[in-house]
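2 protein chains.
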Amino acid sequence: MGRRQRDIPALFDAARSGHRASLAKLLSAIERGGDSAREVGALAFPVAGTGYTVGITGAPGAGKSTLTSALVAEMRSDESVLSASNIAVLAIDPSSPFTGGAILGDRVRMQDHALDESVFIRSMATRGHLGGLALAAPEAVRVLEAAGRDWVLIETVGVGQVEVEVVGAADTTVVVVNPGWGDAVQANKAGLMEIADVFVINKADRAGTADTHRDLEHMLDLSGHPAEGEPYWRPPIVETVANTNTGLEGLAEAIGAHRAHITESGILAKRRDQRVDDELRRIIVATLEHRAGVLSEGKTFDAVRAEVAGRRLDPWQAARQLIEG
Amino acid sequence: MGRRQRDIPALFDAARSGHRASLAKLLSAIERGGDSAREVGALAFPVAGTGYTVGITGAPGAGKSTLTSALVAEMRSDESVLSASNIAVLAIDPSSPFTGGAILGDRVRMQDHALDESVFIRSMATRGHLGGLALAAPEAVRVLEAAGRDWVLIETVGVGQVEVEVVGAADTTVVVVNPGWGDAVQANKAGLMEIADVFVINKADRAGTADTHRDLEHMLDLSGHPAEGEPYWRPPIVETVANTNTGLEGLAEAIGAHRAHITESGILAKRRDQRVDDELRRIIVATLEHRAGVLSEGKTFDAVRAEVAGRRLDPWQAARQLIEG
C-alpha cells in the first residue's frame with residue numbers, strides 16, 4: 014500500500030495526459046477505499062466538475078448495456094447533437110465479485126468500443142470503500158473528469174436502492190423500460206419515475222410498445238409536478254431498438270434538450286450544489302457509523318461491557334466512555 | 014428542567030418506597046430523554062434486573078389489551094401459578110401523541126385494575142428520547158424494577174418494527190393471533206414466529222380456531238430449530254377468550270413453564286447479557302447518529318460547505334474537519 018500511495022501523484026499526472034492504464038489504477042484505488050482513495054480524491058476534486066454525467070438505469074434484461082453501447086456509437090458520430098470525443102462508461106454493479114480494471118469481457122457490445130481511444134469503459138463493484146458504491150461512484154466520476162472525460166455515462170446492472178441513488182445523482186437520468194404489460198408499473202414501483210429525466214422504450218419493435226408508451230404518459234400526467242420554483246420538465250419518451258442502432262438520434266436529442274433545459278434554467282448548478290451537500294452528509298454518517306462499529310468490538314469494549322455486567326456502569330455511561338475514549 | 018433534575022433523587026427514593034406518582038414522574042423523565050433521563054437511568058440501573066418481563070404482541074384488534082388485563086387478573090389470584098403482588102403494565106405505542114403519565118383512559122378493561130395498588134399501568138410513546146422507544150423501553154423497565162415491580166408486562170399496540178424489537182427483548186414473549194384464515198401467516202410475515210415463546214389464539218370461541226391451531230403447529234414444525242447448543246423450546250399454543258376470562262390459567266402455566274425452562278437451562282442469563290450488549294451497541298450508534306445530525310447543520314457546516322463549493326476542500330477532507338472539530 015505504501016508503494017501505491019507514493020505512486021499516486023505520478024499516476025494522476027499520467028492519467029491527466031491520457032494514459033489509460035494509469036486512469037484504471039486510480040479507479041481501482043477509489044474502489045479499494047482507504048488512504049489511497051482519499052489521496053486520489055484530493056487530487057481530482059479541485060480539477061473535476063468539468064464533465065456531464067448521464068445515468069442509465071432500468072430492470073435487468075431491459076437492454077441497458079446494448080443501449081449504452083449504441084448511445085456511445087451515436088455520440089462518436091460527428092453528426093450527432095452530442096458529438097463527443099472523450100466518453101467514459103462507468104458500469105455500477107454492487108453484486109459483482111469481479112475485481113475491476115479490465116474492460117468488461119462479458120459485455121460483448123461494449124467491445125465494439127474497446128479499441129476506440131476516445132471511449133474509456135470501466136465496471137465498478139463495491140470493495141473496501143467506506144459507504145459503498147453510493148460514495149465511491151461520485152469519486153470515480155471526478156477522477157474520470159479530471160482525466161478529461163467530458164461525458165460520463167453511468168450504467169447500472171440492476172435497480173437496487175444504491176444503483177437508483179447513484180444514477181439519480183447524474184445530471185440527466187435515462188430510465189429504460191421494455192414493451193409489455195406492467196413494465197412501466199414496475200419502473201414506478203422501483204422509484205424510477207421520480208428520477209427519470211428521459212424515458213426510453215427499448216426493444217420498441219416488439220408488441221406492446223404503444224401500450225407502454227400510453228402507460229408512461231399516464232403516469233407522467235399523474236406525477237408531473239415540478240419542484241417548487243423550478244420550470245417544468247416533462248420527461249420525453251423515446252423509442253429505440255438498440256441492437257439495430259435504431260432511434261439513438263432521438264435519445265441523443267432528448268438528452269441534449271434536457272441538458273439545455275437544466276443548464277439555462279440554473280437547475281444544473283443548483284442540483285450540483287445539493288449533491289455535494291448530500292455527499293458531505295453521507296460521508297459524515299458513514300464515517301461515524303464506521304467508528305460505531307470499531308467502538309463495538311475489541312478489548313476496550315469488552316472491558317466496558319464487563320463494568321456494565323457488574324452493574325457498575327449503566328449502558329449510557331458505558332457508551333459515553335467508549336465514545337469519548 | 015433544572016428544577017426537575019434536582020428533584021430526581023428524591024423522586025427515586027419515593028418511588029422505591031412505593032409512591033406511584035413519583036414513579037410516574039420518573040417514567041416521564043425517561044420518555045423525555047436528555048440529562049434527566051440519564052440521571053434516572055444511572056440511579057435505576059444498579060438496583061434493576063430484579064423483575065421478569067413478559068412481552069405481549071400481535072396484530073391490532075387481536076385483543077392484546079383485553080388479554081393483558083385478564084392475565085393481570087389471573088396473576089392477582091392467589092391460586093395462579095404466577096401469583097404476584099407487584100405487577101407493572103407498560104403499553105408501548107410509538108404512534109401515540111398522548112403524553113404519558115396517566116392511566117390509559119381509553120383502555121376500559123385496564124380500568125378494572127386502576128384502583129389496585131398492586132398493579133401499575135403506564136403507556137409510553139416516543140417523545141424526546143434519543144434512539145426512540147427501542148432505547149427508552151429498557152430504561153423504563155429498569156425504573157419499574159427498581160421501584161419493586163417483580164413482573165413487567167410489556168404490551169404493544171401494533172406490530173411495527175420497533176414494537177416487535179421491544180417485545181422480542183422480553184424474557185418471555187407472547188404472540189397473540191385470532192382464529193381465521195391467514196392470521197398465522199400474517200404473524201409469520203410480521204416476524205413474530207422468531208420471537209414467540211408462547212402463542213395465544215385469542216377469541217377461541219370463534220370459528221376457525223382449529224385451523225389456526227393447525228397452521229401454527231405446521232409453521233412450528235417448519236421453523237422449530239433451536240439455537241446452537243440451546244435445549245429446544247417448542248412454543249406452546251394456548252387458546253383463550255380473554256373477555257370472558259377463559260383460558261388464562263393455561264396462559265399463566267405456559268409462561269411459567271417457559272420461565273422455568275430458560276432459567277434452569279441458563280438461557281435467561283445468557284440472553285440478558287446479550288441484550289445489554291445489544292443495548293450498548295444501539296446507544297453508541299444512536300449517539301453517533303445524533304452527532305452526525307448536529308454536524309450536518311449550523312454555521313460550521315455552512316462554512317465548510319462553502320470551502321467545498323469553492324473546491325478548496327474535497328468532501329472527505331470537509332467531513333473529517335467537521336468530525337474532528
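Chains A and B supply the protein sequences, listed in that same order.
The working numbering puts the first sequence at residues 14 to 338.
The working numbering puts the second sequence at residues 14 to 338.
We treat Cβ as the ideally placed atom computed from N, Cα and C, and that holds for glycine.
Quick caveat: nothing in here was measured; it's all calculated off a predicted structure.
Cutoff 8 Å: residue i Cβ touching any chain A Cβ
| i | result |
| --- | --- |
| Leu95/B | no |
| Val121/B | Summary for Val121/B: the model assigns pLDDT 46, below 50, so the residue's position carries little reliability, and this model does not support an answer. |
| Val321/B | yes |
| Val53/B | no |
| Asp26/B | no |
| Arg304/B | yes |
| Asp164/B | The residue asked about is misnamed: residue 164/B is Trp in this sequence, not Asp. Chain A, which has no Cβ nearer than 8 Å to the Cβ of Trp164/B, makes this no. |
| Gln199/B | no |
| Gln174/B | no |
| Asp48/B | no |
| Leu117/B | Legend: pLDDT at Leu117/B = 45, less than 50; position of this residue unreliable, value from coordinates given subsequently. Leu117/B does not count as touching chain A. |
| Pro328/B | yes |
| Ile280/B | no |
| Ala182/B | no |
| Glu37/B | The amino acid occupying residue 37/B in the given sequence is Ala; Glu does not appear at that position. For Ala37/B, the answer is no, since every Cβ of chain A falls outside 8 Å of its Cβ. |
| Val298/B | yes |
| Ala331/B | yes |
DSSP three-state assignment for residue i, whether helix, strand or coil
| i | result |
| --- | --- |
| Glu168/B | strand |
| Pro110/B | Summary for Pro110/B: the model assigns pLDDT 48, below 50, so the residue's position carries little reliability, and this model does not support an answer. |
| Val175/B | helix |
| Ala136/B | Looking at the sequence provided, one finds Ser at residue 136/B rather than Ala. In the structure shown, Ser136/B sits in a strand (DSSP, three-state: E or B). |
| Gly85/B | Rather than Gly, the amino acid found at residue 85/B in this sequence is Val. The answer is helix: DSSP assigns Val85/B an H, G or I state. |
| Leu40/A | helix |
| Thr63/A | coil |
| Val13/B | Summary: the structure shown does not reach residue 13/B, with chain B confined to residues 14 through 338, and so no result is reported for it. |
| Gly71/A | strand |
| Asp327/B | coil |
Test: residue i CB closer than 8 Å to a CB of chain B
| i | result |
| --- | --- |
| Gln287/A | no |
| Leu301/A | yes |
| Ile43/A | no |
| Gln334/A | no |
| Glu290/A | The question names Glu, yet the displayed sequence has Asp at residue 290/A. Closer than 8 Å to some Cβ of chain B, the Cβ of Asp290/A qualifies, so yes. |
| Phe212/A | no |
| Pro350/A | Look at the range of chain A in this structure, 14 to 338, and you will see that residue 350/A is not part of it. |
| Leu40/A | no |
| Arg324/A | yes |
| Thr112/A | Model confidence at Thr112/A stands at a pLDDT of 41, short of 50, so the residue's coordinates are unreliable; what they give is reported in the following sentence. Cβ-Cβ to chain B under 8 Å: no for Thr112/A. |
| Leu284/A | Just to set this straight, residue 284/A is Arg in the shown sequence, not Leu. So no, Arg284/A is outside the interface. |
| Val179/A | no |
| Leu293/A | yes |
| Val85/A | no |
| Pro107/A | no |
| Glu337/A | no |
| Pro59/A | yes |
Any non-hydrogen atom of the ligand NAP closer than 7 Å to residue i Cβ
| i | result |
| --- | --- |
| Thr63/A | For the structure depicted, the ligand NAP is absent and the ligand set is empty, with no information on it obtainable. |
Note to self: For a minimum of 3 consecutive residues, which ranges assigned as the beta strand (DSSP E) are wholly contained in the stretch 187-226 of chain B?
What the structure shows: For the stretch 187-226 of chain B, the full-length beta strand (DSSP E) segments reaching 3 residues or more read 211-215 along the chain.
Next item on the list: Any chance you could list the beta strand (DSSP E) runs of at least 3 consecutive residues sitting entirely within the stretch 237-297 of chain A, in chain order?
Entry: Within the stretch 237-297 of chain A, the complete beta strand (DSSP E) segments at least 3 residues long are 250-253, listed from N- to C-terminus.
Item checked: the stretch 307-318 of chain A: positions lying closer than 7 Å to chain B by Cβ -> So the close ones are Leu308, Ser309 and Arg318.
Margin query: Along the stretch 243-268 of chain B, where does the CB come closer than 8 Å to a CB of chain A? Name the residues.
Written below: Result list empty, no residue passes.
Notebook entry, point to check: Which residues, in order along the stretch 133-161 of chain A, keep a beta-carbon less than 7 Å from a beta-carbon of chain B?
Noted result: Those residues of the stretch 133-161 of chain A placed with their C-beta closer than 7 Å to a C-beta in chain B do not exist.
Next item on the list: Could you tell me whether the stretch 78-92 of chain B touches the stretch 252-269 of chain B, where touching means 3 or more Cβ pairs closer than 8 Å?
Entry: Of all C-beta pairs linking the stretch 78-92 of chain B to the stretch 252-269 of chain B, three or more are shorter than 8 Å, placing the two stretches in contact.
Checklist line | Three CB pairs or more closer than 8 Å across the stretch 318-333 of chain A and the stretch 51-60 of chain B | finding: Short answer: they touch.
Notebook entry, point to check: Would you call the stretch 135-151 of chain B and the stretch 215-232 of chain B in contact, with 3 or more CB pairs under 8 Å?
Noted result: Contact fails between the stretch 135-151 of chain B and the stretch 215-232 of chain B, because fewer than three Cβ pairs, one in each stretch, are under 8 Å apart.
Notebook entry, point to check: Do the stretch 305-317 of chain B and the stretch 165-183 of chain B meet, that is, are 3 or more Cβ pairs less than 8 Å apart?
Noted result: Fewer than three Cβ pairs drawn from the stretch 305-317 of chain B and the stretch 165-183 of chain B lie within less than 8 Å of each other, which leaves the two stretches out of contact.
Checklist line | Interfacial residues, the stretch 213-235 of chain B to chain A, with Cβ spacing under 8 Å | finding: Contacts with chain A (Cβ-Cβ distance below 8 Å) from the stretch 213-235 of chain B involve no residue at all.
Item checked: Meets three-Cβ-pair contact criterion under 8 Å: the stretch 292-312 of chain A and the stretch 258-276 of chain B -> The answer is no - the stretch 258-276 of chain B does not touch the stretch 292-312 of chain A, with fewer than three Cβ pairs under 8 Å.
Checklist line | the stretch 221-235 of chain B contacting the stretch 275-286 of chain B, beta-carbon criterion three pairs below 8 Å | finding: Pairwise C-beta distances place the stretch 221-235 of chain B out of contact with the stretch 275-286 of chain B, as fewer than three of them are shorter than 8 Å.
Checklist line | the stretch 170-178 of chain A touching the stretch 47-56 of chain A, judged by at least three CB pairs closer than 8 Å | finding: No, because fewer than three Cβ pairs between the stretch 170-178 of chain A and the stretch 47-56 of chain A fall closer than 8 Å, the two stretches do not touch.
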